[in-house]
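*Asks:*
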Amino acid sequence: MATIEFEGKSFTVDEDGFIDSFENWSEEWVTYVKGVEGIDELTEEHWKVINVLQDYYKKNGIAPMVRVLSKVTGFKLKHIYELFPSGPGKGACKMAGLPKPTGCV
Amino acid sequence: MESPIVIGKRSKSALINKVMEILPDGGNLNLCLTCGACASGCPAAGLEGMDPRKFLRMAALGLDEEIAKTNWVWFCSQCQRCTYVCPMSIDIAGLVFSARQLTPREERPKGILGSCDMALRNESCSAMGASPEDFQFVVEDVVEEVRETQPGWEELQAPVNKQGAKYFVSQNSREPVTEPDEMIPLWKILHLAGVDWTYATTGWGGENYCMFLADDENWKKIAKTSLDSARDLGAKVYLNTECGHSTFSIWKGQQKFNIETDLEIAPMVMRYAKWIREGRLNPSSDWNKDLQIKFTVQDPCQQVRKSFKDPLADDLRFVVKKIVGEENFVDMTPNKCNNFCCGGGGGFLQSGFPEARYEYGRLKFNQIKATKADYVVTPCHNCHAQIHDLNEHYEGGYQTVHLWTMLALSLGALGENEREYLGDDLKEVWLPGEPGTPDPFAKK
């Protein structure tokens, strides 16, 4: 696994750039992924998605299905892609510190 | 240049003896003529200095410890092309499967292990861990939206736990979890063909990463849960979605583990062909008369070489030619049962070795480019993911599409939000309700 140093923090990431453990998530990680993803400015809408993902993950141990994410946030999938150009999995989940999804991703 | 095999203190080979015990009649790993046919057509040959012939020699020489150390057992996609071309029909993929078991379960690749364990966490058998309740919510939410927003589809059905339906349809988790609109084309196809079908909340997930993990106990558990669920609903046919490994894991798992069932286990592609031949589906290639967009197909190893053989490959071509026009279809060489694996199988996509996977896929990429096709049709999720990924990695300039997308388009039934994998050249072709688009409900 590779290590990323950013703003005084050290993150261990897998081959797809997801951090090794949700426990190691911090706001510096969000800033780092924001740069990698090419997002200009983080808005309240970005944080709403991140918070919903983290709450669901803490309760269920997985990321929510995107339709569930849409329902809880009130954002259509298309808008989630506007917020996170890499999509809810590779963009939003990565930023929220969730692990890489399992299965046929 | 590949490194020579070093024979140190010989250990008693547990591996080869174990495999010899389970080989069917006539199969014998000692029959190897060392001709090299296996290695010459293996896309994994050369990775980590290994190839199938060398691997078999090492096993025959009792070098189990050396075998246990190599990552190559995770680079082999279990595609069985080596066995297909072997003059002695030696089951090298079976040997590799057993070699994966030399690594303690918890130390096998994290992505494959995690995908297997996710499928065991609830009765969905979903490798992405989706719950039965969430699956049912998503299916019902999506079908309701289609009924409300797509004229003509007010009666579209996507039943869950429908008792007595003829067909039990499995659903790879990728669509309901990450791209729910991608389920809609299949629902429309089943509707137009007049198919009595159902999903289930138990065993709906089509994936079986426990098979890739070489975890027999849990491969069986998932296959049995899904088959029993279909039986309990009174289904007659277990219909696998366009997913190669789930098709194989159910088809082979039922035989390997003697799972009692009266169900017919069928792959989706052959049903598409049957319904077209029976006139229940009437695709048209007229949309491509002037466009002349070229298509090729990937024969999924799991559905063709490993299970339903050339009859499925022939049906795949029959369906695709109906959809795109015979003159717009270009075959890869070699093809059908002799096709090369793309590198998406065997758990490779989740094993954590992307560079090896890209190198493995170079052969497939070159094969695709040689066809000069604009689109690759892949009736398998792992093929789709890998060939899509190869395009991005090697900048191929082609599109990778599911068969359901193209079939629904050719029926005049593909909605605006169901075109994620189409290029700009097809984003607006035959949109439902637009002038020139055929009425999918018209009687032929």
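Residue numbers (full-length UniProt numbering), protein chains in the order written: chain A, 1 to 105; chain B, 1 to 444.
Cβ coordinates follow ideal geometry from the N, Cα and C atoms, glycine included.
Computed from a prediction, not measured in an experiment: that's the story for all the values here.
#1: Does DSSP put A/G8 in a helix, in a strand, or in coil?
#2: Run down chain B in chain order and give the residues with a C-beta less than 8 Å from the C-beta of A/T31.
#3: Mind checking whether B/Q171 and B/T241 have CB atoms under 9 Å apart?
#4: Mind checking whether the beta-carbon of A/T73 lies closer than 8 Å to any heavy atom of the ligand FAD?
#5: Just tell me which of B/S410, B/R305 and B/M406 has its CA closest to the CA of B/C79.
#6: If you draw a straight line from the alpha carbon of B/P109 to that of B/P283, how long is it in whole angstroms?
#7: Check whether the Cβ atoms of B/H191 and B/E155 sit closer than 9 Å, and answer yes or no.
#8: A/N60 and B/S131: beta carbons closer than 9 Å?
#9: Any Cβ of chain B within less than 9 Å of the Cβ of A/G74?
#10: Which chain B residues sit within Cβ distance under 7 Å of A/P101?
#11: Please list, in chain order, the chain A residues whose beta carbon lies closer than 7 Å to that of B/N172.
#12: Given that B/M118 touches chain A, what residues does it touch there, using C-beta distances under 8 Å?
#13: What residue from A/S86, A/G8, A/E45 and A/K94 has the CA that sits closest to A/N70's CA?
#14: Please list, in chain order, the chain A residues whose beta carbon lies closer than 7 Å to that of B/S115.
#15: Have a look at the DSSP bridge pairing and note the partners of B/G205.
#16: Could you check which residue in A/K34, A/I19 and A/C93 has the C-alpha nearest to that of A/D55?
#17: Is DSSP giving B/V401 helix, strand or coil here?
#18: Using the beta-carbon of each residue, which ones in chain B are nearer than 9 Å to A/G38?
#19: Kindly indicate which three-state DSSP category B/V297 falls into: helix, strand or coil?
#20: What's the call for B/D439, buried or exposed, on a 16-neighbour Cβ count within 10 Å?
#21: Quick check on DSSP: helix, strand or coil for B/V324?
#22: Which residue's Cα is closest to the Cα of B/M20: B/L363, B/L281, B/L56 and B/K321?
#23: For the putative contact between A/K100 and A/T73, defined by C-beta atoms under 8 Å, what is the C-beta separation to the nearest angstrom?
#24: Considering only C-alpha positions, which residue in the set B/M50, B/C383, B/Y360 and B/L15 is nearest to B/V6?
#25: Given a threshold of 16 other Cβ atoms within 10 Å of its Cβ, counted over all protein chains shown, does B/T247 qualify as buried or as exposed?
#26: Is there a C-beta anywhere in chain A that falls below 9 Å from the one on B/A214?
#27: Would you call the region 325-337 of chain B and the region 65-74 of chain B touching, i.e. three or more CB-CB distances under 8 Å?
#28: If you reduce the DSSP assignment to three classes, tell me which class residue 445 of chain B lands in.
#29: Decide yes or no for the touch test of the region 181-201 of chain B against the region 425-432 of chain B: beta carbon pairs closer than 8 Å, at least 3 of them.
#30: Taking 9 Å as the threshold (C-beta atoms), are B/W153 and B/F353 in contact?
#31: Using only CA atoms, which one of B/C116, B/M183, B/V377 and B/T437 lies nearest to B/I222?
#32: Helix or strand or just coil, what does DSSP make of B/L239?
#33: My output table needs one value for B/I265: the three-state DSSP class, helix, strand or coil.
#34: Is B/A59 helix, strand or coil by DSSP?
#35: Give me the subset of the region 12-25 of chain A whose CB atoms are less than 9 Å from a CB atom of chain B, sorted by chain position.
#36: Is there a Cβ from chain B that is less than 9 Å from the Cβ of A/M65?
*Replies:* In short:
#1: Taking the first residue of the first sequence as position 1, residue 8 of chain A is located at position 8. In the structure shown, the three-state DSSP call for A/G8 is coil.
#2: The residue labelled residue 31 of chain A in the question sits at position 31 within the first sequence. Correct list: empty, because the minimum Cβ distance to chain B is about 25 Å.
#3: Here residue 171 of chain B is taken as the residue at index 171 of the second sequence, counted from 1. Here residue 241 of chain B is taken as the residue at index 241 of the second sequence, counted from 1. It is a contact, given that the beta carbons lie within the stated cut-off.
#4: Absent from the structure shown: the ligand FAD. Ligands present: none.
#5: In the second sequence, counting from the first residue as 1, residue 79 of chain B sits at position 79. The option with the nearest alpha carbon to B/C79 is B/R305.
#6: Residue 109 of chain B sits at position 109 when you count from the first residue of the second sequence. Residue 283 of chain B sits at position 283 when you count from the first residue of the second sequence. Near 43 Å, if we compare the C-alpha coordinates of B/P283 and B/P109.
#7: Taking the first residue of the second sequence as 1, we reach residue 191 of chain B at position 191. Taking the first residue of the second sequence as 1, we reach residue 155 of chain B at position 155. Result yes, Cβ atoms of B/H191 and B/E155 sit closer than 9 Å.
#8: In the first sequence, residue 60 of chain A corresponds to position 60, counting from 1. In the second sequence, residue 131 of chain B corresponds to position 131, counting from 1. Contact: yes.
#9: Position 74 of the first sequence, counting from 1, holds the residue named residue 74 of chain A. With 9 Å as the cut-off, A/G74 does not count as an interface residue toward chain B.
#10: Counted from its first residue, the first sequence places residue 101 of chain A at position 101. Under the 7 Å cutoff, chain B gives M128.
#11: To locate residue 172 of chain B, count along the second sequence from 1; it is residue 172. Within chain A, the residues near B/N172 are C104.
#12: The residue labelled residue 118 of chain B in the question sits at position 118 within the second sequence. What B/M118 touches in chain A: I62, T102 and G103.
#13: Counting from 1 along the first sequence, the entry for residue 70 of chain A is found at position 70. Strictly speaking, residue 70 of chain A in this sequence is Ser, with Asn absent from that position. Of the listed residues, the one whose Cα sits closest to A/S70 is A/E45.
#14: Within the second sequence, the letter at position 115 stands for residue 115 of chain B. Here the neighbours are T102 and G103.
#15: Numbered from its first residue, the second sequence carries residue 205 of chain B at position 205. When DSSP reads this structure, B/G205 sits in a beta bridge with B/Q171.
#16: Position 55 of the first sequence holds residue 55 of chain A. The residue from A/K34, A/I19 and A/C93 with its alpha-carbon nearest to that of A/D55 is A/C93.
#17: As a position in the second sequence, residue 401 of chain B is number 401, starting the count at 1. B/V401: strand per DSSP, three-state reduction.
#18: As a first step, residue 38 of chain A must be located in the first sequence, where it is residue number 38. The contacting residues do not exist; A/G38 stays about 16 Å from chain B at best.
#19: For the purposes of this step, residue 297 of chain B is taken as residue 297 along the second sequence, with counting starting at 1. Three-state result, B/V297: strand.
#20: Against the second sequence, residue 439 of chain B aligns to sequence position 439. Its Cβ having fewer than 16 others within 10 Å, B/D439 is exposed.
#21: For this step, residue 324 of chain B is matched to residue 324 along the second sequence. B/V324 falls in the helix class under three-state DSSP.
#22: For the purposes of this step, residue 20 of chain B is taken as residue 20 along the second sequence, with counting starting at 1. Selected option, being the one with the closest Cα: B/L56.
#23: The residue labelled residue 100 of chain A in the question sits at position 100 within the first sequence. The residue labelled residue 73 of chain A in the question sits at position 73 within the first sequence. Between A/T73 and A/K100 the Cβ distance is about 21 Å, and since that is not below 8 Å, they are no contact.
#24: The sequence position of residue 6 of chain B within the second sequence is 6, counting from 1. The shortest Cα separation from B/V6 among B/M50, B/C383, B/Y360 and B/L15 belongs to B/M50.
#25: Walking along the second sequence from the start, residue 247 of chain B turns up at place 247. So B/T247 ends up on the buried side.
#26: In the second sequence, counting from the first residue as 1, residue 214 of chain B sits at position 214. False, the Cβ-Cβ gap to chain A never drops below 9 Å.
#27: Touching, no, given that fewer than three Cβ pairs across the two stretches are closer than 8 Å.
#28: Here chain B covers residues 1 to 444 and nothing more, so residue 445 of chain B does not appear.
#29: no
#30: Position 353 of the second sequence, counted from the start, is the residue given in the question as residue 353 of chain B. Position 153 of the second sequence, counted from the start, is the residue given in the question as residue 153 of chain B. Cβ atoms of B/F353 and B/W153: not closer than 9 Å.
#31: Counting from 1 along the second sequence, the entry for residue 222 of chain B is found at position 222. Per the Cα distances, B/C116.
#32: Indexing the second sequence from 1 puts residue 239 of chain B at position 239. Correct three-state label for B/L239: strand.
#33: As a working mapping, residue 265 of chain B is identified with position 265 in the second sequence. The answer is strand: DSSP assigns B/I265 an E or B state.
#34: If you number the second sequence from 1, residue 59 of chain B lands on position 59. The answer is helix: DSSP assigns B/A59 an H, G or I state.
#35: D14, E15 and D16
#36: The residue you call residue 65 of chain A lines up with position 65 of the first sequence. Chain B, which has a Cβ nearer than 9 Å to the Cβ of A/M65, makes this yes.
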